[in-house]
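Just so we're aligned, residue 0 is where the sequence shown starts under numbering that gives the first Met the number 0, counting upward by one.
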Amino acid sequence: MWHSRSLAADVEKKVLGLLPARGGSKGLPRKNVRPLNGRPLIDWAGKALSASSSVRRAICSTDDPEIARAAIDSGLEVPWMRPPEISHDSSLVVDVILHALDALAREGDLDYEYVALVQATSPTVTTGDIDSAVAMAIAKQADTVITGFHAGQRHPATMFSLSANDEVTWLLADEQRMSRRQDLPDYFIRTGLVYVISTETLVQRRSIYGERIFCLVVSEERALTIDEERDFQIAEFLLRR
Numbered sequence: 000m001w002h003s004r005s006l007a008a009d010v011e012k013k014v015l016g017l018l019p020a021r022g023g024s025k026g027l028p029r030k031n032v033r034p035l036n037g038r039p040l041i042d043w044a045g046k047a048l049s050a051s052s053s054v055r056r057a058i059c060s061t062d063d064p065e066i067a068r069a070a071i072d073s074g075l076e077v078p079w080m081r082p083p084e085i086s087h088d089s090s091l092v093v094d095v096i097l098h099a100l101d102a103l104a105r106e107g108d109l110d111y112e113y114v115a116l117v118q119a120t121s122p123t124v125t126t127g128d129i130d131s132a133v134a135m136a137i138a139k140q141a142d143t144v145i146t147g148f149h150a151g152q153r154h155p156a157t158m159f160s161l162s163a164n165d166e167v168t169w170l171l172a173d174e175q176r177m178s179r180r181q182d183l184p185d186y187f188i189r190t191g192l193v194y195v196i197s198t199e200t201l202v203q204r205r206s207i208y209g210e211r212i213f214c215l216v217v218s219e220e221r222a223l224t225i226d227e228e229r230d231f232q233i234a235e236f237l238l239r240r
């Protein structure tokens, strides 16, 4: 497994830290500024990103003044407000990232090689996660670094789809499913704690996923994304400890 190390020798602050946060959340209205254990949700990820020694700048891209104020309070910069055309629920995160890079380039802030993308809906992300993911990206010359956790009981060998009349189709072939549990290959599930993406991948592929993708493995307990009410309750419990 990957272990972080000092970045002083091989990172010349060519990494942009970016936290995108829209005001118009549909599932949980105003969730990005909703209090979580006494702090706005965005404050948890914002403080983790702003404390990172791996990024040249730590920026929040938002269209919402209240979110902007909370982001600034967490230590992030809000150098501009995100334009409406990339602030609706169908907007792609890659377009938000490219807008940020372009806006910085117009200010003369150039030469970013990677973007460390952190989401407000991931309150369990740590500064260590961010620094470790950046270190992995640089050391392995990755196009993308994601985070993930061990599938455990959610192994694909247990998974199937159902037809309209409830007939089972197994995800894996019989010879794979019938293996002893200890002989099954390890599988991992992606989580959204942090993504580190090369700017070359972002520009050339217009995607956060390149060809060379690596994973920073985290504990399942911290693999939490706030999408619904129950997630808030789980986060309150985890972050209270």
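Cβ coordinates follow ideal geometry from the N, Cα and C atoms, glycine included.
Query: Per DSSP, what kind of secondary structure is L161 in: helix, strand or coil?; Result: strand
Query: Can we say the stretch 13-22 touches the stretch 62-78, given the rule of at least three CB pairs closer than 8 Å?; Result: yes
Query: Sorted by chain position, which residues of the same chain lie with C-beta nearer than 8 Å to V167's C-beta, five sequence neighbours on each side aside?; Result: F159, S160 and L161
Query: Name the one or two DSSP bridge partners that V216 has.; Result: G147
Query: Could you tell me the distance, in whole angstroms, from the CA atom of A44 to the CA atom of T126?; Result: 9 Å
Query: Run through the DSSP bridge pairs and tell me what R229 is partnered with.; Result: Bridge partners of R229: none, in fact.
Query: Specify the secondary structure class of E84 as computed by DSSP and reduced to three states.; Result: helix
Query: Excluding the five sequence neighbours on either side, which residues of its own chain have a C-beta within less than 6 Å of the C-beta of A136, listed in chain order?; Result: Y113, V144 and V195
Query: Here's the rule: buried if 16 or more other CB atoms are within 10 angstroms of the residue's CB, otherwise exposed. What is S52?; Result: exposed
Query: So, are the CB atoms of T146 and V117 less than 8 Å apart?; Result: no
Query: Does the pairing of the stretch 78-98 with the stretch 149-159 give three or more beta-carbon distances under 8 Å?; Result: no
Query: Where does N164 land, buried or exposed, given buried means 16+ other C-beta within 10 angstroms?; Result: exposed
Query: With V14 and A115 assumed to form a contact (beta carbons below 8 Å), what rounded beta-carbon distance in angstroms separates them?; Result: 6 Å
Query: If you run the structure through DSSP and keep just helix, strand and coil, what is A57?; Result: strand
Query: Return the CA-CA distance between W252 and T224, expressed in angstroms with no decimal places.; Result: With the chain represented from 0 up to 240, any question about residue 252 goes unanswered, as that position is not in the structure.
Query: So, with DSSP's three-state summary, where would you put S131?; Result: helix
Query: Going straight from the alpha carbon of Q232 to that of I129, what length do you get?; Result: 25 Å
Query: Please state whether DSSP places V114 in a helix, a strand or coil.; Result: strand
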